[in-house]
Amino acid sequence: MRTQEKNLDMPNAHLHELFVDELKDVLGAERQLLKGLKKLANAALSDQLKEAFNAHYEQTEGHIERLKTVFEDLGLSARGKKCKAMEGLLEEADEIVEEFQDAPEVLDAALIAAAQKVEHYEIATYGCLVTYAKLMEHTTAQELLALTLSEEKETDELLTTIALESANLGKQK
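So for the sequence shown, the working numbering puts the first residue at 3; every next one is plus one.
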């Protein structure tokens with residue numbers, strides 16, 4: 003990938019190729035996550051955790067739409083690429099479901115652990131993207147990506163709350 007001529011005038015243009023590559027990666031990751039969230043919701047025992055996964059599914063659809071807007075704002079087509087990190091995290095989540103499906107007292111705690119690994123990956127990715135957008139003065143991208151970053155942090159906090167109030171205690175809510 004080469005930085006296009008028109009992008010050489012922007013501040014910190016050296017970050018452009020990295021920024022676009024990371025956008026493609028996170029778009030692929032979000033699409034992969036949609037499938038993973040369905041599996042997590044189906045495996046969850048507590049209604050509260052099922053609802054959290056289903057709500058994040060809907061939120062993830064919005065994240066994908068925001069990413070498409072970012073690509074459009076940059077004059078690029080919204081093409082994702084397979085995210086190897088997300089692939090690995092979702093494979094691990096599948097293993098957790100399989101490993102703990104016969105241990106109801108710990109299954110939801112294990113699912114939350116798997117989901118929080120995903121959230122932390124997304125938080126790190128969106129944090130970098132927000133920084134790159136800011137440095138390159140891509141204001142629209144910065145605002146949209148910051149909104150997604152905020153939602154990812156809220157989801158992580160919700161999962162922590164569910165873990166502390168019920169899942170880690172072996173309680174179903």
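Here a beta-carbon is modelled for each residue, glycine too, at the ideal position from N, C-alpha and C.
Since the model is a prediction, treat every value here as computed from it, not as a measurement.
Cβ distance (whole Å) where residue i is taken to contact residue j below 8 Å
{"i": "L91", "j": "L25", "result": "Not confirmed; about 19 Å, so no contact."}
{"i": "Y134", "j": "L20", "result": "7 Å"}
{"i": "L146", "j": "Y128", "result": "Not a contact, Cβ separation roughly 10 Å."}
{"i": "K41", "j": "V99", "result": "7 Å"}
7 Å CB neighbourhood of residue i in its chain, flanking five on each side removed
{"i": "A46", "result": "K52, F55, D110, L113"}
{"i": "A148", "result": "V132"}
{"i": "F102", "result": "V108, L109, A112"}
DSSP state of residue i mapped onto helix, strand, coil
{"i": "L47", "result": "coil"}
{"i": "H16", "result": "helix"}
{"i": "K228", "result": "Only positions 3 to 175 of the chain appear in the structure, and residue 228 is not among them; the question remains open."}
{"i": "E34", "result": "Looking at the sequence itself, residue 34 is Gln, so the reference to Glu does not match. In this structure, Q34 counts as helix in the three-state DSSP scheme."}
{"i": "L131", "result": "helix"}
{"i": "E139", "result": "coil"}
{"i": "S168", "result": "coil"}
{"i": "K155", "result": "helix"}
{"i": "D104", "result": "coil"}
{"i": "G64", "result": "helix"}
{"i": "G77", "result": "coil"}
Cut-off 8 Å between Cβ atoms - residues of its own chain near residue i, not counting five sequence neighbours on either side
{"i": "L160", "result": "A54"}
Any 3 or more C-beta pairs closer than 8 Å across the region 109–123 and the region 68–76: no
Can you confirm whether the region 139–148 touches the region 80–90 when touching is taken to mean that 3 or more C-beta pairs between the two stretches lie within less than 8 Å? no
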